[in-house]
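The next block holds one structure in the form of structure tokens; read it before the comments.
2 protein chains.
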Amino acid sequence: MPAPPVTLIDVAKAAGVSPITVSRALNEPQLVRPVTLAKVQEAVKRTGYVKNMLAGGLASSRSKLVALVLPTISTQTFADMVQGATDRLTAAGYQLLLGIVGYETWREEILVETILSRRPDGVILTGSLHTDSTRQRLLQIGTPVVETWDMTPHPIDMVIGFSHEEVGHACAKHLLDQGYRRFGMLTANDPRAGQRTQGFQVALAKQGVNVVVARQVPAPGALPQGRIGAVKLLDEHPDLDAIFCSSDTLAHGVLIEAQSRGLRVPEDLAIMGFGDLNFSGYTNPPLSTVKVDGAKIGAMSAQALLNRLDGDDTAERIVNTGFELIQRGST
Amino acid sequence: MPAPPVTLIDVAKAAGVSPITVSRALNEPQLVRPVTLAKVQEAVKRTGYVKNMLAGGLASSRSKLVALVLPTISTQTFADMVQGATDRLTAAGYQLLLGIVGYETWREEILVETILSRRPDGVILTGSLHTDSTRQRLLQIGTPVVETWDMTPHPIDMVIGFSHEEVGHACAKHLLDQGYRRFGMLTANDPRAGQRTQGFQVALAKQGVNVVVARQVPAPGALPQGRIGAVKLLDEHPDLDAIFCSSDTLAHGVLIEAQSRGLRVPEDLAIMGFGDLNFSGYTNPPLSTVKVDGAKIGAMSAQALLNRLDGDDTAERIVNTGFELIQRGST
DNA sequence: CTGTTAGCGCGTTCAC
DNA sequence: GTGAACGCGCTAACAG
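Note that the protein sequences, when read in sequence, are chains P and H. The first sequence stops at residue 457 when you use our numbering, and every number in between is there. The second sequence stops at residue 457 when you use our numbering, and every number in between is there.
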């Protein structure tokens, strides 16, 4: 039996005060005398009032909503970002509007439009490759924006992330230092993966080394594609001594194939991944990887928005969170 | 430079029509003559109008928002639920409001209150253990509700899930059929895990078999706790021949410990899990598990709400989605 | 098919 | 510390 909707006015009548007093009692209790406050709270309980943030948001132009746009949620790091952002936002009385867009830019464009129609107080975007139209809209509406999970010299507003090219550099240096020279690459065709492989190749080239062979699979590269990719790479170039993958999932597939061929990893073949896939099936998985703290990035992004909303405009607009190169399986 | 906000009235002026015509052109294009429609669309583009669903929702009492409340998002199955629900909702023009509550009921109570303040058109809840106050609120507001991931004889509204007791039964039968008799249990202290272990024990008891020893860890049981738990179980009862775990993650920890003791799994020790953790680190992980299709449950829940919102009230209110017992590692 | 009128429920701005 | 009037931007219901 849905009871008739209870409004703030009903509460006001029940408490014997004016509507605005109820509003204040709910939103800025310190501005209301304790006695009045108690009366209001009692009336709220008695009437079963639930506040209406549609009306509130419309009147105040503050929706207490923050949108988070992610390509997928089925990756541990992105799930961590959701968790990290949610924690911060909830603590500050905000709610999360989640958008999942996959890896196609045009989907983001549509989603951003839909999201903006809710008038969120802030938007967190993954990556910094957006259509012009998306950028326009965001700038026009004037909502604070954090681009995350990437670095860019021309941010829409704020940036909290790391450079995927630097990741590529670091991986190249790591492998070169260990003496590897004949490189294969296996990458998913998502833009950030591309930046990593780009950085990887550039860093190699500086040392006069070239990638022997590269293969690409559709994003987000799944494990079987990693294995199949490895089959092709190793069949065509049996003398490869290192394979650089755009994700741990792909790397995992490569590892399985390598082991089934009796290759010792990393002695015969080094494998590098990216992400933070849990390799706990192995006591000590013999592949190195680059790890990023998703929860931290999510929390920092949320915090950046909250600061801005508090009028605190002093912080850096561009923050490099860095990443961690994890070396495993070596002697 | 945030431009001044563009309202529907601005568009109406620009198009030379009345505001309501713009509204219709945007929401029910088929009710508007093509010529008018074109004029409006042109005006929308020219002005850069973005619709305001706060205002729209307030006026129409339809927010086009559906809330999904989950204990965590860092579990593959729950992430799949988000994905499944998002897909259906997006296709129908709805957006997802995500709430993550952990495993404490009082947190859900607060979150539900906050969520209802957005006046979502529907709410999807995980499980069916809610405080009275939560149930009251939901019933009072009259929002369509789907309780999922569980079965209950006294639903708030609709239910789409499976019986955790049946899962326990099925596991018990499976292990008994294979000849195992000396059972240990390792479970997280979340309510649904409790129902599974309960069902497991009852089914065993019917065959005159009792669980030798049970241990509990805080929800959501992590892998190290699985391993530590296994140490204690096996130290105290070296003659166990099967361990029933409340999750694959715990089971995985048990597996690692078993292997490090040189136990053959499942010949010397059977291990049962629950969930759909990807054990791809193993070519053929030797533990059986129960698998649930999260994406399907998410999509079905969303669809159930959408049907209701379309006035379609004919479907079953209680749907048992079932689960799949996956036997692995046996001869 | 399109326009008019009248709110939706609340917060802002001033007064008191 | 509390109240009154007004408007946020849009849509329901009817009229034409």
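Every residue gets a Cβ at the ideal spot worked out from N, C-alpha and C, and that includes glycine. As the structure is a prediction and not an experimental result, all values here were calculated from the model.
Interface flag, residue i vs chain H, CB-CB below 8 Å
| i | result |
| --- | --- |
| residue 417 of chain P | no |
| residue 455 of chain P | no |
| residue 372 of chain P | no |
| residue 254 of chain P | no |
| residue 189 of chain P | yes |
Any C-beta of chain P under 8 Å from that of residue i
| i | result |
| --- | --- |
| residue 177 of chain H | yes |
| residue 239 of chain H | yes |
| residue 244 of chain H | yes |
| residue 301 of chain H | no |
| residue 414 of chain H | no |
| residue 184 of chain H | yes |
| residue 427 of chain H | no |
| residue 199 of chain H | yes |
Extent of the continuous alpha helix (DSSP H) to which residue i belongs
| i | result |
| --- | --- |
| residue 165 of chain P | 160–173 |
| residue 357 of chain P | 349–362 |
| residue 426 of chain H | 420–435 |
| residue 184 of chain H | 179–186 |
| residue 331 of chain H | 317–332 |
| residue 299 of chain P | 290–303 |
| residue 251 of chain P | Looking at the DSSP string, residue 251 of chain P is not in any alpha helix (DSSP H); the run it does join, the beta strand (DSSP E), is 248–252. |
| residue 388 of chain H | Looking at the DSSP string, residue 388 of chain H is not in any alpha helix (DSSP H), and its letter there is neither H nor E. |
| residue 451 of chain P | Per DSSP, residue 451 of chain P belongs to no alpha helix (DSSP H); it is in the beta strand (DSSP E), 450–452. |
Whole-angstrom distance between residue j and residue i, CA atom to CA atom
| i | j | result |
| --- | --- | --- |
| residue 344 of chain H | residue 355 of chain H | 12 Å |
| residue 323 of chain P | residue 352 of chain P | 16 Å |
| residue 252 of chain P | residue 224 of chain H | 18 Å |
| residue 211 of chain H | residue 240 of chain P | 17 Å |
| residue 183 of chain H | residue 198 of chain H | 29 Å |
| residue 348 of chain P | residue 435 of chain H | 37 Å |
| residue 527 of chain H | residue 222 of chain P | Coverage of chain H is limited to positions 127 through 457, which leaves residue 527 of chain H absent and any answer about it impossible. |
| residue 441 of chain P | residue 257 of chain P | 27 Å |
| residue 454 of chain H | residue 228 of chain P | 33 Å |
| residue 160 of chain H | residue 149 of chain H | 15 Å |
| residue 144 of chain H | residue 194 of chain P | 35 Å |
| residue 437 of chain P | residue 235 of chain H | 31 Å |
| residue 361 of chain H | residue 314 of chain H | 20 Å |
| residue 327 of chain H | residue 379 of chain H | 22 Å |
| residue 203 of chain P | residue 423 of chain H | 23 Å |
| residue 400 of chain P | residue 384 of chain P | 18 Å |
| residue 292 of chain H | residue 325 of chain H | 6 Å |
| residue 300 of chain H | residue 443 of chain H | 31 Å |
| residue 158 of chain H | residue 147 of chain H | 8 Å |
Nearest neighbour of residue i, chosen from the options [CA to CA]
| i | options | result |
| --- | --- | --- |
| residue 336 of chain P | P:145, P:433, P:366 and P:142 | P:366 |
| residue 167 of chain P | P:180, P:140 and P:188 | P:140 |
| residue 132 of chain P | P:152, P:173, P:296 and P:449 | P:173 |
| residue 373 of chain H | H:246, H:330, H:363 and H:320 | H:320 |
| residue 176 of chain H | P:289, P:306 and P:244 | P:244 |
| residue 369 of chain H | H:157, H:326, H:311 and H:286 | H:311 |
| residue 282 of chain H | H:202, H:342 and H:259 | H:259 |
| residue 255 of chain P | P:158, P:213, P:431 and P:231 | P:231 |
| residue 363 of chain P | P:339, P:381, P:376 and P:377 | P:339 |
| residue 170 of chain H | H:152, H:179 and H:185 | H:152 |
| residue 449 of chain H | H:233, H:275 and H:192 | H:275 |
| residue 220 of chain H | H:247, H:200, H:233 and H:270 | H:247 |
| residue 396 of chain P | P:156, P:242 and P:308 | P:308 |
| residue 304 of chain P | P:386, P:185 and P:393 | P:393 |
| residue 130 of chain P | H:205, H:377, H:425 and H:269 | H:269 |
| residue 412 of chain P | P:390, P:445 and P:418 | P:390 |
| residue 318 of chain P | P:371, P:188, P:439 and P:333 | P:371 |
| residue 420 of chain H | H:200, H:264 and H:180 | H:200 |
| residue 447 of chain P | P:431, P:432, P:330 and P:427 | P:427 |
Residue span of the beta strand (DSSP E) that contains residue i, given as start and end
| i | result |
| --- | --- |
| residue 207 of chain P | Looking at the DSSP string, residue 207 of chain P is not in any beta strand (DSSP E); the run it does join, the alpha helix (DSSP H), is 202–217. |
| residue 273 of chain P | 271–274 |
| residue 444 of chain H | 444–446 |
| residue 151 of chain P | First-last for residue 151 of chain P: 145–153, but that is the alpha helix (DSSP H), not the beta strand (DSSP E). |
| residue 190 of chain P | First-last for residue 190 of chain P: undefined, no H or E at that position. |
| residue 341 of chain H | 337–343 |
Practice problem: Pull out every residue of the stretch 257–289 of chain P whose Cβ sits closer than 8 Å to any Cβ of chain H, in chain order. | Solution: 262, 263, 265, 266, 267 and 268
Quiz item: Got a sec: which bits of the stretch 206–233 of chain H sit with their beta carbon under 9 Å from any beta carbon on chain P, in order along the chain?
Solution: 206, 208, 209, 212, 213, 216, 219, 221, 222, 223, 224, 225 and 226
Exercise. Mind checking the stretch 156–182 of chain P against chain H and listing, in chain order, the residues whose C-beta falls within less than 9 Å of any C-beta there?
Key: 174, 176, 177, 178, 179, 180, 181 and 182
Self-check item: Contacting positions in the stretch 361–394 of chain P - beta carbon closer than 8 Å to chain H
Solution: 378 and 382
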